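K.L.:
Structure in structure tokens, see below.
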Amino acid sequence: MVNFADFDTRGYPMVDVRTGYGQWVDSYEQTVEDAMDIAVLDRLAVPRWEDVRRAADLGCGTGRTGAWLRGKGAAAVDGVDVTPQMLAAARARGAHDRLTEADLADTGLPGAGYDLVISSLVDEHLADLGPLYREAHRLARPDGLFVLVGLHPYFIMAAGMPTHFDGADGAPVAITTHIHLVSEHLTAGLTAGWQLAEMREAVVDDAWIALKPKWERYRSHPVSAAYVWRRTEG
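First residue of the sequence shown: 1, per the UniProt record's numbering; consecutive thereafter.
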């Protein structure tokens with residue numbers, strides 16, 4: 001297991017997920033770039049978003065992913081998050097049919113009830129990937145998909161940068177960050193019973209440099225990764 005503390009170059013004070021996202025909620029939409037996750041989802045070939053009858057959005061946050069799914073034609077989306085303030089923002093956005101405050105390892109959602117399970121920018125906050133992959137497998141219908149997109153482990157290590165935001169006093173605050181190698185995702189997914197259907201890695205390119213000029217030093221470095229898993233058994 002790789003320890004983020006071995007790569008941390010910022011030394012920001014760190015808080016747990018519920019505390020951090022509860023404090024970040026008001027500025028979250030203005031600081032998270034679609035290039036990190038939405039742009040990667042847009043490039044996936046396997047998912048047919050318009051055919052999704054019901055999706056489970058795990059770690060739904062303010063509802064960004066749910067709104068994107070609805071825009072792509074998904075008929076219904078249920079959201080789960082551990083942070084009440086994020087759920088309130090998602091509720092105001094109105095993209096989800098049902099919103100639940102729960103741990104992603106134990107959502108309480110109906111088993112085998114979803115064509116698609118999706119999780120965006122969540123895995124770096126989990127100490128262990130296994131429970132997420134197992135819960136997603138429980139939720140998916142036979143032949144259903146689990147799509148996970150997040151920060152690339154290489155980028156977290158190369159930049160030495162945790163997930164962070166500026167607190168009310170303007171000082172940076174980090175949220176608990178873990179590094180999961182690609183092999184850890186593959187092991188967790190296969191162990192949970194998934195079959196890998198597609199994987200994409202995005203790099204820091206011209207579009208990213210336009211958004212964040214200081215990232216020129218990371219040009220061509222992997223920044224995001226997306227995994228598409230299929231539940232093949234009944």
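Just so it is clear, CB atoms sit at the ideal spot from N, CA and C, and this is done for glycine as well.
All of these numbers come straight from a predicted model, not from anything done at the bench.
On a CA-only basis, which of 55, 225, 18, 14 is nearest residue 101? Give me that one, please.
P.N.:
Taking the sequence shown and counting its residues from 1, the one referred to as residue 101 is at position 101. Per the Cα distances, 18.
K.L.:
Taking residue 101 as part of the beta strand (DSSP E), name the residues at either end of that continuous run.
P.N.:
Here the question's residue 101 lines up with position 101 in the sequence shown. Counting along the chain, the beta strand (DSSP E) containing residue 101 begins and ends at 98–101.
K.L.:
How many Å lie between residue 193 and residue 177 at the Cα?
P.N.:
Against the sequence shown, residue 193 aligns to sequence position 193. Against the sequence shown, residue 177 aligns to sequence position 177. Approximately 26 Å, taken between the alpha carbons.
K.L.:
Look at the Cβ atom of residue 35, then the Cβ atom of residue 151, and state whether they are nearer than 9 Å.
P.N.:
Walking along the sequence shown from the start, residue 35 turns up at place 35. Walking along the sequence shown from the start, residue 151 turns up at place 151. Their beta carbons are not under 9 Å apart, which means residue 35 does not touch residue 151 by this criterion.
K.L.:
Which residues bound the beta strand (DSSP E) around residue 179?
P.N.:
Taking the sequence shown and counting its residues from 1, the one referred to as residue 179 is at position 179. Unbroken run through residue 179: none, as it is neither H nor E.
K.L.:
I need the boundaries of the beta strand (DSSP E) containing residue 199, first residue and last residue.
P.N.:
On the sequence shown, residue 199 is found 199 positions in, with the first residue counted as 1. Run containing residue 199: 195–203, per the beta strand (DSSP E) assignment.
K.L.:
Give me, in chain order, the residues of the same chain whose beta-carbon lies closer than 7 Å to that of residue 127; leave out the 5 immediate sequence neighbours on both sides.
P.N.:
To locate residue 127, count along the sequence shown from 1; it is residue 127. For residue 127, where only same-chain residues beyond five positions count, the Cβ hits under 7 Å are 178.
K.L.:
Could you tell me the alpha carbon to alpha carbon distance between residue 10 and residue 158, rounded to whole angstroms?
P.N.:
Here residue 10 corresponds to residue number 10 of the sequence shown, with the count starting at 1. Here residue 158 corresponds to residue number 158 of the sequence shown, with the count starting at 1. Those two C-alpha atoms are separated by around 12 Å.
K.L.:
Report the rounded CA-to-CA distance for residue 182 versus residue 25, giving the unit in angstroms.
P.N.:
Sequence index remark: in the sequence shown, residue 182 carries index 182 (1-based). Sequence index remark: in the sequence shown, residue 25 carries index 25 (1-based). Per the coordinates, the alpha-carbon of residue 182 lies some 29 Å from the alpha-carbon of residue 25.
K.L.:
Please report the distance separating the alpha-carbon of residue 189 from that of residue 42.
P.N.:
Counted from its first residue, the sequence shown places residue 189 at position 189. Counted from its first residue, the sequence shown places residue 42 at position 42. Cα-Cα distance, rounded: 22 Å.
K.L.:
Would you decide whether residue 195 is buried or exposed? Buried here means 16 or more other CB atoms lie within 10 Å of its CB.
P.N.:
Taking the sequence shown and counting its residues from 1, the one referred to as residue 195 is at position 195. With fewer than 16 other Cβ atoms within 10 Å, it is exposed.
K.L.:
Counting Cβ pairs, one atom from each stretch, are 3 or more of them under 8 Å apart for the region 142–150 and the region 115–127?
P.N.:
By the Cβ criterion, the region 142–150 is in contact with the region 115–127, since at least three pairs of Cβ atoms, one from each stretch, lie closer than 8 Å.
K.L.:
Report the residue from 220, 74, 143, 156 whose alpha carbon sits nearest the alpha carbon of residue 206.
P.N.:
By 1-based counting over the sequence shown, the position of residue 206 is 206. Of 220, 74, 143, 156, the residue nearest in Cα terms is 220.
K.L.:
Just to confirm before moving on: does the CB-CB distance between residue 137 and residue 231 stay below 9 Å?
P.N.:
Stepping through the sequence shown from its first residue, residue 137 is reached at position 137. Stepping through the sequence shown from its first residue, residue 231 is reached at position 231. In this structure, residue 231 lies closer than 9 Å to residue 137 by Cβ.
K.L.:
Quick one: measure Cβ to Cβ for residue 174 and residue 12, integer angstroms, because I've assumed they're closer than 8 Å.
P.N.:
Taking the first residue of the sequence shown as 1, we reach residue 174 at position 174. Taking the first residue of the sequence shown as 1, we reach residue 12 at position 12. About 4 Å separates the two Cβ atoms, so the contact holds.
K.L.:
Would you check if the distance between the CB atom of residue 162 and the CB atom of residue 4 is smaller than 9 Å?
P.N.:
Working through the sequence shown from its first residue, we reach residue 162 at position 162. Working through the sequence shown from its first residue, we reach residue 4 at position 4. Contact flag set, yes.
K.L.:
Do you know whose CA, among 113, 197, 21, lies nearest residue 135's CA?
P.N.:
One-based indexing of the sequence shown puts residue 135 at position 135. The residue with the shortest Cα to Cα distance from residue 135 is 113.
K.L.:
Tell me, to the nearest whole angstrom, how far the beta carbon of residue 199 is from that of residue 226; I am working on the premise that it is less than 8 Å.
P.N.:
Here residue 199 refers to the residue found at position 199 when the sequence shown is read from its first residue. Here residue 226 refers to the residue found at position 226 when the sequence shown is read from its first residue. Between residue 199 and residue 226, the beta carbon gap of about 7 Å places them in contact (Cβ cut-off 8 Å).
K.L.:
Alpha carbons only, please: which of 204, 6, 143 is nearest the one belonging to residue 46?
P.N.:
Here residue 46 is taken as the residue at index 46 of the sequence shown, counted from 1. Proximity to residue 46 across 204, 6, 143 peaks at 143, based on C-alpha coordinates.
K.L.:
Considering only C-alpha positions, which residue in the set 7, 6, 20 is nearest to residue 125?
P.N.:
Looking up residue 125 in the sequence shown gives position 125. For residue 125, the nearest C-alpha among the options comes from 20.
K.L.:
Who are the Cβ neighbours of residue 139 in its own chain at under 6 Å, not counting the five residues just before and after it?
P.N.:
Numbered from 1 along the sequence shown, position 139 holds the residue referred to as residue 139. So the qualifying residues of the chain are 56, 109, 114, 117.
K.L.:
Exposed or buried, what is residue 23 when buried is set at 16 or more other beta-carbons lying within 10 Å of its beta-carbon?
P.N.:
Taking the sequence shown and counting its residues from 1, the one referred to as residue 23 is at position 23. Burial call: buried.
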